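Novice: I am attaching a structure below and will ask some questions about it afterwards.
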Amino acid sequence: LARSRSDPRAAAAAARPPPPPPRAEPERLPRLQPSHPPAQSAAASQRKSEQSDPVDATMPATTAMDEVGDKGEFKRTEAQFRDWVKADGSTEFEPEENRYHLIVSLACPWASRCLAVRKIKGLDDVISVTVVEPVMVKTSDKDNHHGWAFSDEDQPKGAKTVRAFYEMHSDHVSKFTVPILYDNKLGKIVSNESSEIIRMLGQEFNELATKNKDLDLYPEASREEIDSVNEWVYPQINNGVYRSGFAQKQGAYEEAVADVFAGLDRAEDILSKQRYIASSDQITEADIRLFVTLVRFDEVYHGHFKCNKKRIADYPNLINYTREIYQLDGISETVDMHHIKEHYHRSHPTINPFGIVPVGPGVDFSLPHDRAEKFAT
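Sequential numbering of the sequence shown, starting at 118, is according to the working numbering.
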């Protein structure tokens, strides 16, 4: 993978106008006629999400902040759309140019995984993208649910909110998340499970890829190690910061934050001995999955989610590793720190009731890193 020659975000950030005033609540949504729930293949129904606790379809509309157990611990629920795009024709979803559409938030680390792989494989002109607004809003007069909203200029299927988009396609959804991989041809949601979407983008669209066509982010020879890394990075780091930030009791918070830093310490140790988290010489999906949390950590999770024992900047290998991934061709374009900070600090009123967005710390990921020199052979 080539390194980007410049930081395309720097000029845009410097010229960016002051943050806009809070977004007005959307108009009352029309009552939508639901379709049948999405059909799932037998194989899809057997695949277990990296998340847990399936949603009861009879539950009212929920957000991540509602997913709390009896001990005050955050318990993320399972993704509900789990079909696959397959190049071998084994599903009804085959890779085609301009057939699929991604709905993402630039703030969301799960959605940003998908944007990163889309960039790495050069699928910008193959799979289109809609970016939601950064600040969550009230989505309906039927309840008090707050969620993602579309801009006035880009409303897929005429939906004002992500909730409305889901309700157009199923009446069996109670949590309205991004990313969404949508099939324009069949008018169906394919998947809202990011870990599976990045596998599809990384493997099933190779014939349409315009970059790194031969790069396999989940190579057969390394799958055991990649799976092993994912199994602890997800609960301790990726989801660990949310377990810390959304905890509602002291004990649940302390347990979660201890996991976060145990995971970061483990990653720091591994990266002191090899260039990438699951391989000595090749970037894999495990790096993308770790990166999206690391790049947000000092700006958001350290303060907003109370993960404040250390910063990524205090880990010499983690900070240099984060810079290296950020500087890969196209990756910086998937990181919009203004969008990230606006979302977290203005969408969680129980954590930050006045919606004040911190001005710092302003981490510069375009600074030189030492990874190539450190592991030169």
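Each residue gets a CB set at the ideal place from its N, CA and C atoms; glycine is no exception.
Just so we're clear, the structure is a prediction, and the values are computed from it rather than from any experiment.
Under DSSP, the beta strand (DSSP E) around H218 begins and ends at which residues?
Specialist: Here residue 218 refers to the residue found at position 101 when the sequence shown is read from its first residue. Segment Y217 to V221, the beta strand (DSSP E) holding H218.
Novice: Quick one: grab the DSSP three-state call for I306.
Specialist: Counting from one through the sequence shown, the residue named residue 306 turns up at place 189. Of the three classes helix, strand and coil, the one that applies to I306 here is strand, per DSSP.
Novice: Three Cβ pairs or more, each shorter than 8 Å: is that satisfied between the region 485-492 and the region 429-442?
Specialist: Touching, yes, given that three or more Cβ pairs across the two stretches are closer than 8 Å.
Novice: Going by beta carbon distance, what residues of the same chain come within less than 6 Å of S464, once the five residues before and after it are set aside?
Specialist: For the purposes of this step, residue 464 is taken as the residue at position 347 of the sequence shown. Counting only Cβ-Cβ distances below 6 Å, and skipping sequence neighbours, we find V252 and M253.
Novice: List the whole-angstrom C-beta distance separating V234 from L318, where the pair is believed to meet the contact cut-off of C-beta under 8 Å.
Specialist: Taking the sequence shown and counting its residues from 1, one reaches residue 234 at position 117. Taking the sequence shown and counting its residues from 1, one reaches residue 318 at position 201. Confirmed, about 4 Å.
Novice: For K302, count neighbouring Cβ atoms within 10 angstroms of its own Cβ and tell me buried if that reaches 16, exposed if not.
Specialist: Residue numbering aside, residue 302 sits at position 185 when the sequence shown is read from its first letter. Looking at its Cβ environment, which holds fewer than 16 other Cβ atoms inside 10 Å, K302 is exposed.
Novice: Can you grab the Cα-Cα spacing for the pair G81 / D431, in whole Å?
Specialist: In this structure the chain extends from 118 to 494, so residue 81 is not present and cannot be described.
Novice: Report back the beta-carbon spacing between I343 and T401 to the nearest angstrom; my notes put them in contact at under 8 Å.
Specialist: Taking the first residue of the sequence shown as position 1, residue 343 is located at position 226. Taking the first residue of the sequence shown as position 1, residue 401 is located at position 284. Right, their Cβ atoms sit about 5 Å apart.
Novice: In the DSSP assignment, what are the bridge partners of Y299?
Specialist: Along the sequence shown, one-based indexing puts residue 299 at 182. Answer by DSSP bridge pairing, in chain order: H218 and I306.
Novice: Give the secondary structure of G264 by DSSP, where H, G and I count as helix, E and B as strand, and everything else as coil.
Specialist: Here residue 264 is taken as the residue at index 147 of the sequence shown, counted from 1. Three-state result, G264: strand.
Novice: Under the assumption that L223 contacts F322 (Cβ atoms under 8 Å), give the Cβ distance between them as a whole number of angstroms.
Specialist: In the sequence shown, the residue the question calls residue 223 occupies position 106. In the sequence shown, the residue the question calls residue 322 occupies position 205. About 22 Å; that fails the 8 Å criterion.
Novice: I need the DSSP call for E490, collapsed to helix, strand or coil.
Specialist: Walking along the sequence shown from the start, residue 490 turns up at place 373. Helix at E490.
Novice: Report yes if the CB atom of L298 is closer than 8 Å to the CB atom of V243, and no otherwise.
Specialist: Mapped onto the sequence shown, residue 298 falls at position 181. Mapped onto the sequence shown, residue 243 falls at position 126. Going by C-beta atoms, L298 is not nearer than 8 Å to V243.
Novice: Any beta-carbon of chain D closer than 8 Å to the one on H262?
Specialist: The structure shown contains no chain D; it holds only a single protein chain.
Novice: Pick helix, strand or coil for L445, following the three-state DSSP scheme.
Specialist: Taking the sequence shown and counting its residues from 1, the one referred to as residue 445 is at position 328. In the structure shown, L445 sits in a strand (DSSP, three-state: E or B).
Novice: Quick one: using the 10 Å Cβ neighbour count with 16 as the cut-off for buried, is A338 buried or exposed?
Specialist: The sequence position of residue 338 within the sequence shown is 221, counting from 1. Answer is exposed; the Cβ neighbour count stays below 16.
Novice: Would you report the Cα separation of T194 and Q272, rounded to the nearest angstrom?
Specialist: In the sequence shown, residue 194 corresponds to position 77, counting from 1. In the sequence shown, residue 272 corresponds to position 155, counting from 1. Near 26 Å, if we compare the C-alpha coordinates of Q272 and T194.
Novice: Between F492 and the rest of its own chain, which residues show a CB-CB distance below 6 Å, the 5 nearest in sequence each way excluded?
Specialist: Taking the sequence shown and counting its residues from 1, one reaches residue 492 at position 375. Around F492: R392.
Novice: With C-beta atoms as the reference, is I354 less than 8 Å away from L407?
Specialist: On the sequence shown, residue 354 is found 237 positions in, with the first residue counted as 1. On the sequence shown, residue 407 is found 290 positions in, with the first residue counted as 1. Yes, Cβ-Cβ distance for I354 and L407 is below 8 Å.
Novice: What residue does the alpha helix (DSSP H) around V531 start on, and which one ends it?
Specialist: The structure shown has nothing for residue 531, since the chain only spans 118 to 494.
Novice: With a threshold of 16 other CB atoms inside 10 Å of the CB of P470, please say whether the residue is buried or exposed.
Specialist: In the sequence shown, counting from the first residue as 1, residue 470 sits at position 353. With fewer than 16 other Cβ atoms within 10 Å, it is exposed.
Novice: Which of the three DSSP states is assigned to V346 in this structure?
Specialist: Your numbering for residue 346 matches position 229 in the sequence shown. Residue state, collapsed to three classes: helix.
Novice: Answer yes if the region 206-213 comes into contact with the region 411-426, meaning at least three C-beta pairs across the two stretches below 8 Å, and no otherwise.
Specialist: No: the two stretches stay apart, fewer than three of their Cβ pairs being nearer than 8 Å.
Novice: I'd like to know whether the C-beta atoms of D376 and P352 end up nearer to each other than 8 Å.
Specialist: The sequence position of residue 376 within the sequence shown is 259, counting from 1. The sequence position of residue 352 within the sequence shown is 235, counting from 1. Going by C-beta atoms, D376 is nearer than 8 Å to P352.
Novice: Could you spell out where the alpha helix (DSSP H) holding V185 opens and where it closes?
Specialist: Residue numbering aside, residue 185 sits at position 68 when the sequence shown is read from its first letter. Element bounds for V185: n/a, residue is neither H nor E.
Novice: Threshold first: 4 residues or longer. Then list the alpha helix (DSSP H) segments lying entirely within the region 319-363, N to C.
Specialist: Counting whole runs of 4 or more residues, the region 319-363 contains the alpha helix (DSSP H) stretches 340-350 and 357-362.
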